[in-house]
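Asks: Please find one structure pasted underneath; my questions will follow.
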Amino acid sequence: MSCIVLQLGQCGNQVGQHVFDTLIEDNQTHVNTAKSTITNRSSVDEYVRNSLDRFFIQYDNKLIARALVIDTELKVIEQLMNEKAQAKRHWYYEKKCVFEGRLGSGNNWACGYRNGSLAEEHILEKLRWQLEHADRVDTILPILSLAGGTGSGLGAYAVECIRDELPRSFLLTTIVVPYTSGEVVVQNYNSLLTLSHLYHSTDALLVFENDILQQYAKKLVSCSGVDRPTNIHDMNNILTRHLCSFLQPIAKKDHSFCEMNYLLEQLLPHTFYKLLTLRCVPQLSDQALDFSTYKWSSLIKTLSQMYINNSYLDEGLNWSLKPFQTRTKSLANVFLSRSYDKEDLDNELKQYFNQPNFYSSFLSSSNYYSAFQYRDKSYLNYEKYLSFVSNCQTPVASLDRIVNKSWQLFGQKAYLHHYMKYDIDEQVFLNGFVQIEQVIKSYNQL
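Positions 64 to 509 (the working numbering) are the ones given, in order, by the sequence shown.
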């Protein structure tokens, strides 16, 4: 099974490159020979082969990313395709799978969506090249930001086209929510329109927030002992470390690797509930990894308290809150644990997550969560790494903020003329409001 990554706009391309770098880093480094046996090595070889086959085309001793690189400005693509930059990596982008526009989208969703319609055949042609070099594609992974014009507008159009082209492939779209304080004056309009279109065309939305990523990056930089401000590179590293912990191979209880679609089926019990969040522990700077050790019970307890506090971070938690005071409810949860440690997590998970107050009332206790593990290799530099993927209410606050700020602008008819010149009228906005307000209402009723 193969996964094609769809890198859309500046954010999508920067994050996409980090994704492939992180996959390679996890696959080709950090194998603990002291804990390795013949059985381990065989399993690790299968792990690496599974990952490489999934995300790379292996041809003539080269690794070619299963990716479409799409932007309407040249700057980021030129950086990605620079020969010196590519030579430093263990993998390459295929030039036939790069679409570069030259006019940009002006941070305007409507302009980006129009650019998408103009680029449709080019995008599908590049997609078909990737399909021809894969035995079977079960997952498409679009990565985009909601704030700008290309990732949001062209991205929404591209996802709709691919939905029509590949109706049976799973579309797991990774979205980055803009800063609350604002990157672009019309970012909430762009976010609203993107979300309303993606909710129709994608199977799941994996939500990351720039505010949270920046808080997380500040924490890690301060813990590293280095006196410097955080930057976009720090934030992208955090996002991709989380994302790849979900994408890399994981095993069922019978030790066979499970397909990505199987994981996603556990997380999506109803087709209308598509919002996924990802919390991971431990949250350590690289400098602290060699001096830290953890027990599974402490990691699971921390995740439980993060969930109760409705927080992505393990600091600033109110540890006095009890499970009955939880601030979020979920429909489905998946735990992914990675380590050489053979310890079973079932008892700890039952202790901390078999809590009826965590879940929607119509869920039976047998459907509260699923757990998967890989015990023959650690993840990156981490002795133990635990990922918690949840279909829950946590992203609703961000959606609610986007809708409210969009209504404030829309009520004044502010900036609408920028959209109307590309044939996006008020009715399109109203349809978007109805769609996302229904999503918010449905999640709040959990």
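Beta carbons: idealized from backbone N, C-alpha and C, even for Gly.
Given this structure, state the Cα-to-Cα distance separating F188 from V132, to the nearest angstrom.
Replies: For the sequence presented, residue 188 should be read as Glu rather than Phe. Cα-Cα distance, rounded: 13 Å.
Asks: Could I get the ranges of all uninterrupted beta strand (DSSP E) runs contained in the segment 149-202, with 3 residues as the minimum, in chain order?
Replies: 161-163
Asks: Could you check whether the segment 424-437 touches the segment 348-365, counting it as contact only if at least three pairs of C-beta atoms, one from each stretch, sit closer than 8 Å?
Replies: no
Asks: Touching or not, the segment 381-397 and the segment 448-455, by the rule of three or more beta carbon pairs under 8 Å?
Replies: The answer is yes - the segment 448-455 touches the segment 381-397, with three or more Cβ pairs under 8 Å.
Asks: What's the C-alpha gap between C286 and N300?
Replies: 16 Å
Asks: If you draw a straight line from the alpha carbon of D89 to that of L443, how long is it in whole angstroms?
Replies: Their backbone Cα atoms lie some 5 Å apart in a straight line.
Asks: N76 lies in the beta strand (DSSP E); which residues open and close that run?
Replies: Element bounds for N76: not the beta strand (DSSP E) but the alpha helix (DSSP H), G72 to Q91.
Asks: Okay, do the segment 201-214 and the segment 235-245 touch, 3+ Cβ pairs below 8 Å being the bar?
Replies: yes
Asks: Ends of the beta strand (DSSP E) at D134?
Replies: A130 to D134
Asks: When the Cα atoms are used, what is the spatial distance from F309 to R165?
Replies: 34 Å
Asks: What residue does the beta strand (DSSP E) around S433 start on, and which one ends it?
Replies: Run containing S433: S433 to Y437, per the beta strand (DSSP E) assignment.
Asks: Using 8 Å for Cβ pairs, my map puts Y415 next to I363. What's the rounded Cβ distance?
Replies: 5 Å
Asks: With the cut-off set at 8 Å, would you say L209 and P241 are in Cβ contact?
Replies: yes
Asks: Would you please state the rounded distance, in angstroms, between the beta carbons of I127 and F118? I believe it to be under 8 Å.
Replies: No, I127 and F118 are not in contact; Cβ-Cβ is about 10 Å, not under 8 Å.
Asks: Just checking my contact of C307 with L86 at CB under 8 Å: how many whole Å lie between their CB atoms?
Replies: 6 Å
Asks: Could you give the DSSP three-state label for R291: helix, strand or coil?
Replies: coil
Asks: Buried or exposed, going by whether 16 or more other CB atoms sit within 10 Å of the CB of D355?
Replies: What sits at residue 355 in the sequence shown is Ser, not Asp. The residue is exposed, with fewer than 16 neighbouring Cβ atoms inside 10 Å.
Asks: Hey, out of Y357, R401 and Q346, whose CA is closest to S374's CA?
Replies: Q346
Asks: Can you give me the Cβ contacts of Y155 inside the same chain, cut-off strictly under 8 Å, excluding the 5 residues immediately before and after it?
Replies: K125, L126, I127, A128 and Q149
Asks: Buried or exposed: which applies to R304, given that a residue is buried once 16 or more other Cβ atoms fall within 10 Å of its Cβ?
Replies: buried
Asks: Exposed or buried, which one is A173 when buried takes at least 16 other CB atoms within 10 Å?
Replies: buried
Asks: For the candidate residues K316, V247 and T293, whose alpha-carbon lies nearest to that of D407?
Replies: That would be K316, whose Cα lies nearest to the Cα of D407.
Asks: Only counting the same chain, and skipping five residues up and downstream in sequence, which positions put a Cβ closer than 8 Å to that of K159?
Replies: K189 and W192
Asks: Do the CB positions of R342 and L327 come within less than 8 Å of each other?
Replies: Not a contact, by the Cβ cut-off of 8 Å.
Asks: Would you call S505 buried or exposed, if buried means 16 or more other Cβ atoms sit within 10 Å of its Cβ?
Replies: Exposed is the call here.
Asks: Find the nearest neighbour of I186 within the set V107, A219, N494 and K147, judged by alpha-carbon distance.
Replies: A219
Asks: By the three-class DSSP mapping on this structure, what secondary structure does V248 have?
Replies: coil
Asks: S441 and L255: beta carbons closer than 8 Å?
Replies: no
Asks: Which two residues bound the contiguous beta strand (DSSP E) that contains R464?
Replies: That residue, R464, is in no beta strand (DSSP E); its alpha helix (DSSP H) goes V459 to G474.
Asks: What three-state label does DSSP hand N507 in the structure shown?
Replies: helix
Asks: Which residue comes first and which comes last in the alpha helix (DSSP H) that contains N454?
Replies: That residue, N454, is in no alpha helix (DSSP H); its beta strand (DSSP E) goes K447 to C455.
Asks: If I follow the unbroken beta strand (DSSP E) through E272, where does it start and stop?
Replies: A267 to E272
Asks: Give the straight-line distance between the Cα atoms of S393 and L472, rounded to the nearest whole angstrom.
Replies: Just so you know, the alpha carbons of S393 and L472 end up roughly 32 Å apart.
Asks: Which same chain residues, not among the five before or five after S180, have their C-beta less than 8 Å away from its C-beta?
Replies: Y220
Asks: Starting from I238, trace the beta strand (DSSP E) both ways and give me its first and last residue.
Replies: If you look at I238, you'll find it in the beta strand (DSSP E) that goes F233 to V240.
Asks: In this structure, does DSSP put C307 in helix, strand or coil?
Replies: helix
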